[in-house]
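Residue 86 in our numbering sits at position 22 of the sequence shown; the count goes up by one each step and never skips.
In this text, a Cβ means the ideal position worked out from N, Cα and C, and glycines have one as well.
Below is one structure; the comments refer to it alone.
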Amino acid sequence: MNALNADLHCHSTASDGTLAPADVIRRAKANGVDLLALTDHDELLGLDEAETEAREIGLRFVPGVEISVSWLDQTLHIVGLGIDPANSALIAGLAQVRGGRDGRAARIAAELERIGIPGALEGALAYAGNPALLSRAHFARFLVEKGCAKNVHDVFLHYLARGKPGYVEHVWATLEDALGWIKGAGGLAVIAHPGRYRLSHAEMDILLETFRDQGGDAVEVSCGAHDGGQVLAFARLARKFGLLASRASDFHGPEDSPIDLGRAPPLPPDLTPVWTRLQ
Ligand code: AMP
Ligand code: MN
Ligand code: MN
Ligand code: MN
């Protein structure tokens with residue numbers, strides 16, 4: 065185990081998590097987390113509540129965000145850690161990214177209707193704690209409710225993923241913009257769950273090099289989405305490109321997540337953890 069139990073990526077009802085920000089903080093404390101970052105998708109709304117609760121119960125807290133980015137033909141997620149939630153360029157940039165979500169949600173619902181599943185927009189909204197932040201996770205919960213799959217993980221094998229019904233192309237922020245917003249708000253930038261992207265080895269190298277050269281800081285080596293082999297593979301790439309390493313559950317709620325808060329595997333001991341640069 066790393067000396068510090070750091071968990072630097074998770075979600076609340078401000079985006080597509082199922083626990084309120086204060087409940088995320090309480091659960092992290094109960095799980096033995098020493099340092100927690102709340103990183104809702106394209107949204108800062110939960111940070112105040114989380115920070116207040118963290119102060120109340122004595123948990124070290126890092127304000128964060130997970131920004132949706134389009135790069136080559138992929139959607140990437142870039143986590144910002146230690147950002148200033150009052151930074152106006154960050155606030156404006158995230159508002160612009162969120163702004164595309166409503167139109168996309170309507171197109172997802174229209175696609176699902178075409179294959180005989182009506183009412184998906186209203187159905188997904190019923191699961192959304194923040195209507196400005198409709199995510200595929202909310203559609204997934206609706207599809208489970210309708211009996212289309214037995215759980216959220218299975219939904220993504222048959223729906224909502226590229227090449228499956230209910231997937232629509234969407235253009236998010238550029239990598240350059242996301243890095244600019246995070247760095248401009250005093251944060252550290254981290255590539256989230258790199259093992260999830262469908263990139264060749266050569267493309268992954270280009271991503272890591274471009275990211276580092278544009279000011280990126282770290283890569284999630286240990287995260288809920290990585291198996292043991294991927295932890296080792298991304299540890300190698302962190303060394304190769306001189307990036308810091310992050311550890312993250314990407315927790316979305318007790319029902320939906322393979323890994324609970326604070327339970328991602330430890331980082332290989334020779335890597336420099338990104339949290340050594342926080343404060
Ligand atoms: P969006 O930002 O609307 O495209 O939604 C992406 C979210 O959908 C992710 O943050 C996860 O919460 C969820 N998601 C995507 N792929 C999967 C998957 N294979 N299994 C479970 N949840 C997924
Ligand atoms: Mn999510
Ligand atoms: Mn993500
Ligand atoms: Mn996430």
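In the three-state reduction of the DSSP assignment, His-75 falls in the coil class. Residue pairing of Glu-284 in beta bridges, as defined by DSSP: Ser-310. Taking 8 angstroms as the upper bound for CB-CB distance, Leu-102 and Ser-132 are not in contact here, some 17 angstroms apart. Closer than 7 angstroms to some heavy atom of ligand 1: that does not describe the Cβ of Val-254. Under the Cβ criterion (8 angstroms, minimum of three pairs), the region 298-313 counts as touching the region 266-286.
According to the DSSP assignment, Gln-343 belongs to no alpha helix (DSSP H), since it is labelled neither H nor E. For Glu-177, there are no CB contacts under 6 angstroms within the same chain when 5 residues up- and downstream are skipped. Distance from the Cα of Leu-158 is smallest, within the candidate group Asp-98, Gly-122, Val-97, Leu-197, for Leu-197. It is roughly 32 angstroms from the alpha-carbon of Gly-250 to the alpha-carbon of Pro-318. Each of His-75, Asp-80, His-105, Ser-199, Ala-201, His-316 has a C-beta closer than 6 angstroms to some heavy atom of ligand 2; these make up the full list, in chain order.
When Ala-297, Gln-343, Leu-325 are compared, the shortest CA-CA separation from Leu-335 is found for Ala-297.
Annotated three-state conformation of Trp-245 is helix, per DSSP. Check the Cα spacing between Ala-170 and each of Gly-183, Ile-179, Gln-160, Val-161: the tightest is with Gly-183.
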